[in-house]
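J.:
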Amino acid sequence: MDSVLIISSNEQSISSFSQMLKAERLHTIDSAKSGAEGRRRISERDYDIILINSPLTDEFGDALAMDVAGNTDSGIVIFVKSDHEAEIESRVSQYGVFVLGKPISKVLFYKSMRLLEATRNRLKGIKHENVKLQKKIDDIRIVNRAKYILIEYLSMTEPQAHKYLEKQAMDLRITKIEVAKRLLSTYEN
13 MDSVLIISSN EQSISSFSQM LKAERLHTID SAKSGAEGRR RISERDYDII LINSPLTDEF
73 GDALAMDVAG NTDSGIVIFV KSDHEAEIES RVSQYGVFVL GKPISKVLFY KSMRLLEATR
133 NRLKGIKHEN VKLQKKIDDI RIVNRAKYIL IEYLSMTEPQ AHKYLEKQAM DLRITKIEVA
193 KRLLSTYEN
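Going by this note's numbering, the sequence shown opens with residue 13, and the numbers climb by one from there.
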């Protein structure tokens, strides 16, 4: 975890959170005093974790948490008064927002930050795997389009088209996807 944005209307809370986060050896700790300022900062750069101390001067903070969760990969914690915790949690938990009741102990704060970091790391791994799988799907589509062209224009069967692409890849010492792309550029233009 390298960067944190603290969104709080209360200067004392910003200072308190900053001190606890500095103990975690964070590189960047930014702050915003309103939802609007927080949104602006989030649009300017990516943050690993976003802490929202509700209520804010211009909004409560739950809508901000849901918006940010839908548009970023940041881990998000919203701090609310304990008597509102269950209500807010029912609204924001489906967006992956972590809710903590105030007042909060340092031990719970640190454990929450570590849990959020672990969850973020796991999601990064899943996202990376998803990107790899999406690339494989795209490659399969390209190869299948190339096979369709061979079937349509050269009257090959599907096994013949498959064998042709593999043989061309071996003969030219390039990947099957490159052969398929070359074939598509020739016949689709």
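Glycine residues also receive a C-beta, built at the ideal position from the N, C-alpha and C atoms. Predicted model, so just to flag it, every value in this text is computed and none were measured.
How about S94 and G113: do their beta carbons lie closer than 8 angstroms?
T.: Closer than 8 angstroms, so yes.
J.: According to DSSP, what are the bridge partners of D183?
T.: None, per the DSSP bridge assignment.
J.: With 16 other CB atoms within 10 Å as the buried threshold, where does G137 fall?
T.: Classification of G137: exposed, given that the 10 Å Cβ count is below 16.
J.: Locate the alpha helix (DSSP H) running through T40, then write down its first and last residues.
T.: From DSSP, T40 is part of no alpha helix (DSSP H) but of the beta strand (DSSP E) over T40 to A44.
J.: On the DSSP letters alone, give me the boundaries of the alpha helix (DSSP H) that I116 sits inside.
T.: It is not in any alpha helix (DSSP H) - I116 carries neither H nor E in the DSSP assignment.
J.: Can you list, in chain order, the residues of its chain whose CB lies under 7 angstroms from that of Y199, leaving out five sequence neighbours each side?
T.: Excluding residues within five positions, the ones whose Cβ falls inside 7 angstroms are I161 and Y165.
J.: May I ask you to list the residues that DSSP assigns as paired with V143?
T.: DSSP lists no partner for V143.
J.: Please list the terminal residues of the continuous beta strand (DSSP E) segment that includes L76.
T.: Run containing L76: none in the beta strand (DSSP E); it sits in the alpha helix (DSSP H), D74 to N83.
J.: Would you kindly work out how many angstroms separate the C-alpha atoms of T131 and D60, rounded to a whole number?
T.: Taking the straight line joining both Cα atoms gives about 11 angstroms.
J.: Hey, quick one: how far does the alpha helix (DSSP H) through S28 stretch, first residue to last?
T.: Where S28 is concerned, the enclosing alpha helix (DSSP H) stretches over E23 to K34.
J.: Please identify the residue among I88, V80 and E178 whose C-alpha is closest to the C-alpha of I54.
T.: The candidate whose alpha carbon is nearest that of I54 is V80.
J.: In this structure, does DSSP put N65 in helix, strand or coil?
T.: Looking at N65 - three-state DSSP - the assignment turns out to be strand.
J.: Going by DSSP, name the residue or residues bridged to L17.
T.: Bridge partners of L17: D42 and I62.
J.: Can you tell me the Cα-Cα spacing of E129 and T187, whole angstroms?
T.: Near 38 angstroms, if we compare the C-alpha coordinates of T187 and E129.
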